[in-house]
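Q: Handing you a structure now.
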Amino acid sequence: AFPPPISSAAMTSLKEICRGLPLNPLPENKGRRKGIPHAPVRTPNLTAQEKKLALRNALRYFPPEIQNKLALEFAEELRLYGHIYMYRFCPDIEMRAYPIGEYPCKTKSAAAIMLMIMNNLDPSVAQFPQELVTYGGNGQVFSNWAQFWLVMHYLSEMTEEQTLVMYSGHPLGLFPSHQRAPRLIITNGMVIPNYSSRDEYEKMFALGVTMYGQMTAGSYCYIGPQGIVHGTVLTVLNAGRRYLKAEDLSGKVFVTSGLGGMSGAQAKAAVIAGCVGIIAEVDEAALLKRHKQGWLMEISNNLDHCIARLRYDLKHNSHHSRFMESVISNYVNVEGSVFKRSVENNIQTFFFCRNEVHFLQPIFLLFSREARKNKIALSLGYHGNVVDLWERLVYELDTTGELLVDLGSDQTSCHNPFNGGYYPVQLSFEEGKQLLSTNPGKFRTLVQESLKRHVAAINKLADKGMFFWDYGNAFLLEAQRAGADVAKKGANKTEFRYPSYVQHIMGDIFSLGFGPFRWVCTSGDPQDLATTDSIAMSVLEDSIRQGVSTSVKQQYHDNIRWIREAGRHSLVVGSQARILYSDQKGRVSIAVAINRAISEGKIKAPVVLSRDHHDVSGTDSPFRETSNIYDGSAFCADMAVQNFVGDSFRGATWVALHNGGGVGWGEVINGGFGLVLDGSKEAEERAKMMLSWDVSNGVARRCWSGNAFAYETICQAMKENGTLRVTLPHKVLDENILEQAVKH
484 AFPPPISSAA
494 MTSLKEICRG
504 LPLNPLPENK
514 GRRKGIPHAP
524 VRTPNLTAQE
534 KKLALRNALR
544 YFPPEIQNKL
554 ALEFAEELRL
564 YGHIYMYRFC
574 PDIEMRAYPI
584 GEYPCKTKSA
594 AAIMLMIMNN
604 LDPSVAQFPQ
614 ELVTYGGNGQ
624 VFSNWAQFWL
634 VMHYLSEMTE
644 EQTLVMYSGH
654 PLGLFPSHQR
664 APRLIITNGM
674 VIPNYSSRDE
684 YEKMFALGVT
694 MYGQMTAGSY
704 CYIGPQGIVH
714 GTVLTVLNAG
724 RRYLKAEDLS
734 GKVFVTSGLG
744 GMSGAQAKAA
754 VIAGCVGIIA
764 EVDEAALLKR
774 HKQGWLMEIS
784 NNLDHCIARL
794 RYDLKHNSHH
804 SRFMESVISN
814 YVNVEGSVFK
824 RSVENNIQTF
834 FFCRNEVHFL
844 QPIFLLFSRE
854 ARKNKIALSL
864 GYHGNVVDLW
874 ERLVYELDTT
884 GELLVDLGSD
894 QTSCHNPFNG
904 GYYPVQLSFE
914 EGKQLLSTNP
924 GKFRTLVQES
934 LKRHVAAINK
944 LADKGMFFWD
954 YGNAFLLEAQ
964 RAGADVAKKG
974 ANKTEFRYPS
984 YVQHIMGDIF
994 SLGFGPFRWV
1004 CTSGDPQDLA
1014 TTDSIAMSVL
1024 EDSIRQGVST
1034 SVKQQYHDNI
1044 RWIREAGRHS
1054 LVVGSQARIL
1064 YSDQKGRVSI
1074 AVAINRAISE
1084 GKIKAPVVLS
1094 RDHHDVSGTD
1104 SPFRETSNIY
1114 DGSAFCADMA
1124 VQNFVGDSFR
1134 GATWVALHNG
1144 GGVGWGEVIN
1154 GGFGLVLDGS
1164 KEAEERAKMM
1174 LSWDVSNGVA
1184 RRCWSGNAFA
1194 YETICQAMKE
1204 NGTLRVTLPH
1214 KVLDENILEQ
1224 AVKH
């Protein structure tokens, strides 16, 4: 439903947030709130002098007359949590994306940015909202709450002749610029390369001088788990095509892990792709959150139940079906455990609510037989460690000869394995959190042992025909560093025993210019989102009729399928947003059509265009986005930096450049943008200019590295735009001349 008008009290709160830091009187210090997830305790190992420096840096946001009071509580936060979040200043407001007209700003651009910031911190969206972490375990929007208040104040005062400059969460200030300049410039984690280590980062973050913005956390462009679900659907579909030679994934099993932030997309993606997905997650709060949001069909903490899902069909144990049909009512109570039955699309789903009871396995078998018989898609969340799940699948293979899994991957936050991104199998989740805060060295050792067990189980299943890929979360990289058997003989530094999903599944998509384009309807009205969906579908269908290459046509058909499915699967969490993997032509055409719909009143308010940094041009990451670059430049970051700069003067409303994101701190440089469409002719011209560059840059780079799809794509782009001229590579047709030259 359309969000109700906000109350006068909430409106007052929005106005108050824009007045700057609340100092007189100081708000009550309520500390960490109970009942919501919190970030793991950080262990920066500061010296006494460094602790003083951290306090001094935090106190410079406040006048001297209140520094004495704040110093004590900030020191306590640093001691207890390893960082100064300034919990006292966590605002007492319902944090969400309000309709754009409710923000007290002088410009639409500033109001749009405020909306996007508040969406990133919405508890239904953010992983650890009180620590300002949106996703990935440590993807910060800001470093502390003082920065939030100052940014909101600056945005409320900003005119079209000013630009807000952000240094790793810190608002440096409003600087004079001009109307066509970006309203906001963000940099996160821009540390001198020789000092961009994890240990140095922990200290610098504790000091409040740098920040890990992940990708769309620190650029204010996150749209909830939907932000990755389209890419995950495409990945699973294309994995089925490549590895299983199957267009239809009905009855195929996909096993993976992670339901916290962006990984929460996996459950929904499995269902949309039509397969059975079993996703392990150690944090019960994450499982319950995804189930409540409708992204996860079931939860179980019993491996017997999970295995039963994969093995039994209608011919097995038919007496269970007759028996359970006679005893199942709306609620089943056995030995103190409760299972709630829900009926959705004529499918009976039993949600595991409390203790595991082996006796109730027939309940799960009943649904399993029905699902297998009718090839029903299923998402099952296993509350437990994924290593236990993988090892149980190995046990089933060893004892029965059955390979119960077809496809496998991993989306733990392995870019941050020693600070809560990956929990070792040897400990429960709570035991792991406790050890992380008391003995981080021992925690690290257990994580590395767990990674070796993790890989050993995957290797055994892969040897029998299961297909596994790295999902760009640094899983294989960290497993290699832990000593796991992931090496590939004769490979370069970016290759392992298993491919990155970019190398085998999504890389050709990037080379064709397709990537995670997205938009946000700032009215907050679902009808506006439905209108944009219809516009996007019409644009794609028109493009197909006009004629496109076979490879592009496949992607367009996948996109049309996606939009149709998206409307049926309740993907919106937070702002009214949509993601769509699109190429340069599609992005520009969709943007122009949406802008004209705003001008004509078909859409009620401005629309923010953006994309994931994980895109054609946005990210240089040798173990993910550029892992299929083989000319030796995979470790070079010219593309991402040039993209940031080029977007800024071609029309972006705001731009961001980050160190880290996806595979971790020091492993990647990436950038993103936001562009506000307001229905004006100027907005249309900005969109045409900026979106064209935002794709062509990366396609040209991939072409120069030797990718045939990118060569074809950039040549087509040059035909369509006479002002685009790209240096094209010549192939070495005779490899013998290289051998002879080296020997000589």
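Sequential numbering from 484 applies to the sequence shown in our numbering.
Idealized CB from N, CA, C, for every residue including glycine.
(1) Have a look at N922 and V754 and give me their C-alpha separation to the nearest angstrom.
(2) Would you report the Cα separation of V1178 and G1129, rounded to the nearest angstrom?
(3) Count the other CB atoms, across all protein chains shown, that sit within 10 Å of the CB of N975; report buried if there are 16 or more and exposed otherwise.
(4) Taking DSSP as the reference, what is the three-state secondary structure of E1218?
(5) Return the chain-ordered ranges of every alpha helix (DSSP H) run that is complete within the region 499-583 and spans a minimum of 4 residues.
(6) Count Cβ pairs between the region 620-627 and the region 588-595 that sit closer than 8 angstroms; are there 3 or more?
(7) Give every residue of the same chain whose Cβ lies closer than 8 angstroms to the Cβ of A1170, excluding the five residues on either side of it in the sequence, and list them in chain order.
(8) Going by C-alpha to C-alpha distance, which of E643, K972, G672, N671 sits closest to Q464?
(9) Which class does C789 belong to by DSSP, given the choice of helix, strand or coil?
(10) Return the CA-CA distance between R1208 and A1183, expressed in angstroms with no decimal places.
(11) Can you tell which of H898, D991, G1154, K751 has its C-alpha closest to the C-alpha of R960?
(12) Quick one: what's got a C-beta closer than 7 angstroms to R516's C-beta in the same chain, skipping five residues either side?
(13) Whole angstroms is fine: what's the gap from Q532's alpha carbon to L690's?
(14) Smallest Cα separation from C1004: which of F737, S1058, G1205?
(15) Quick check on G1084: does DSSP put it in helix, strand or coil?
(16) Would the beta-carbon of V870 fall within 8 angstroms of that of R936?
(17) For G819 and Y865, what's the separation of their Cα atoms in angstroms?
(18) Is the separation between the beta-carbon of V634 and that of P654 shorter than 8 angstroms?
(19) Can P1212 and G1181 be called in contact, C-beta distance under 8 angstroms?
(20) What residue does the alpha helix (DSSP H) around N603 start on, and which one ends it?
(21) Assign C1198 to one of two classes, buried (16 or more other C-beta atoms within 10 Å of its C-beta) or exposed (fewer than that).
(22) Suppose only complete runs of 4+ residues qualify. What are the alpha helix (DSSP H) ranges in the region 1171-1217, listed by chain order?
(23) Can you check which of these residues, V1056, V1146, N1219, is closest to R1250 by C-alpha distance?
(24) Which residues mark the beginning and the end of the alpha helix (DSSP H) in which P654 is found?
(25) By a C-beta neighbour count over all protein chains shown, 10 Å radius and 16 as the cutoff for buried, is L779 buried or exposed?
(26) Let me know the secondary structure DSSP gives L1054 once reduced to three states.
(27) May I ask you to report which of helix, strand or coil DSSP gives I668?
(28) For E556 and Y568, I'd like the C-alpha separation in whole angstroms.
(29) What is the C-beta distance between S1006 and I583, in whole angstroms, given that I count them as a contact (C-beta under 8 angstroms)?
(30) For Q776, name the three-state secondary structure that DSSP assigns.
(31) Applying the 10 Å Cβ sphere with the 16-neighbour rule, what's the burial state of K772?
(32) Starting from the Cα of N603, find the closest Cα among L615, A595, A594 and give me that residue.
(33) Could you compute how far the alpha carbon of R1061 sits from the alpha carbon of A962?
A: In short, the structure shows the following:
(1) Indexing the sequence shown from 1 puts residue 922 at position 439. Indexing the sequence shown from 1 puts residue 754 at position 271. Roughly 40 angstroms separates the two Cα atoms.
(2) Locating residue 1178 in the sequence shown gives position 695, where the first residue counts as 1. Locating residue 1129 in the sequence shown gives position 646, where the first residue counts as 1. Each residue's Cα considered, the two are about 11 angstroms apart.
(3) Translated into positions along the sequence shown, residue 975 becomes position 492. Counting Cβ neighbours within 10 Å, N975 comes out exposed, since fewer than 16 surround it.
(4) The residue given as residue 1218 occupies position 735 in the sequence shown. Note: E1218 maps to coil in three-state DSSP.
(5) 531-542, 547-564
(6) no
(7) By one-based count along the sequence shown, residue 1170 stands at place 687. Here the set comprises V1071, A1074, V1075, N1078, L1092, G1134, L1158, L1160.
(8) Residue 464 lies beyond the stretch modelled for the chain, which goes from 484 to 1227, so this question has no answer here.
(9) Working through the sequence shown from its first residue, we reach residue 789 at position 306. DSSP places C789 in helix when its eight states are reduced to three.
(10) Here residue 1208 is taken as the residue at index 725 of the sequence shown, counted from 1. Here residue 1183 is taken as the residue at index 700 of the sequence shown, counted from 1. Computed Cα separation, rounded: 10 angstroms.
(11) The residue you call residue 960 lines up with position 477 of the sequence shown. What sits at residue 960 in the sequence shown is Leu, not Arg. Closest by alpha carbon: H898.
(12) What you label residue 516 is simply residue 33 of the sequence shown in a count that begins at 1. Q613, listed in sequence order.
(13) Mapped onto the sequence shown, residue 532 falls at position 49. Mapped onto the sequence shown, residue 690 falls at position 207. Going from the Cα of Q532 to the Cα of L690 covers about 11 angstroms.
(14) For this step, residue 1004 is matched to residue 521 along the sequence shown. Nearest option by C-alpha distance: S1058.
(15) Along the sequence shown, read from residue 1 onward, the residue named residue 1084 stands at position 601. Looking at G1084 - three-state DSSP - the assignment turns out to be coil, as it is neither helix nor strand.
(16) Start at 1 with the first residue of the sequence shown, and residue 870 comes out as number 387. Start at 1 with the first residue of the sequence shown, and residue 936 comes out as number 453. Against a cut-off of 8 angstroms, the Cβ pair of R936 and V870 comes out as a contact.
(17) The residue given as residue 819 occupies position 336 in the sequence shown. The residue given as residue 865 occupies position 382 in the sequence shown. With a pLDDT of 34 at G819, under the threshold of 50, the predicted position of this residue should be treated as unreliable, though the coordinate-derived value follows. Approximately 20 angstroms between the Cα atoms of the pair.
(18) Stepping through the sequence shown from its first residue, residue 634 is reached at position 151. Stepping through the sequence shown from its first residue, residue 654 is reached at position 171. Result yes, Cβ atoms of V634 and P654 sit closer than 8 angstroms.
(19) For the purposes of this step, residue 1212 is identified with residue 729 of the sequence shown, where counting begins at 1. For the purposes of this step, residue 1181 is identified with residue 698 of the sequence shown, where counting begins at 1. Contact: no.
(20) Within the sequence shown, the letter at position 120 stands for residue 603. Here the alpha helix (DSSP H) through N603 covers 591-603.
(21) In the sequence shown, residue 1198 corresponds to position 715, counting from 1. By the 10 Å Cβ count, C1198 comes out exposed.
(22) 1191-1203
(23) Given that the chain is displayed from residue 484 to residue 1227, the structure contains no residue 1250 and the question cannot be resolved.
(24) Translated into positions along the sequence shown, residue 654 becomes position 171. Careful: P654 lies outside any alpha helix (DSSP H), inside the beta strand (DSSP E) at 653-659.
(25) Position 296 of the sequence shown holds residue 779. With 16 or more other Cβ atoms within 10 Å, it is buried.
(26) Against the sequence shown, residue 1054 aligns to sequence position 571. In this structure, L1054 counts as coil in the three-state DSSP scheme.
(27) Numbered from its first residue, the sequence shown carries residue 668 at position 185. In the three-state reduction of the DSSP assignment, I668 falls in the strand class.
(28) By one-based count along the sequence shown, residue 556 stands at place 73. By one-based count along the sequence shown, residue 568 stands at place 85. Near 10 angstroms, if we compare the C-alpha coordinates of Y568 and E556.
(29) The count along the sequence shown starts at 1 and reaches residue 1006 at position 523. The count along the sequence shown starts at 1 and reaches residue 583 at position 100. Their Cβ separation, rounded to whole angstroms, is 7 angstroms, which keeps S1006 and I583 in contact under 8 angstroms.
(30) Taking the sequence shown and counting its residues from 1, one reaches residue 776 at position 293. Q776 falls in the coil class under three-state DSSP.
(31) Residue mapping note: residue 772 aligns to position 289 of the sequence shown, counting from 1. K772 is buried by the Cβ-count criterion.
(32) Position 120 of the sequence shown, counted from the first residue, corresponds to residue 603. The shortest C-alpha separation from N603 is found at L615.
(33) Walking along the sequence shown from the start, residue 1061 turns up at place 578. Walking along the sequence shown from the start, residue 962 turns up at place 479. Near 34 angstroms, if we compare the C-alpha coordinates of A962 and R1061.
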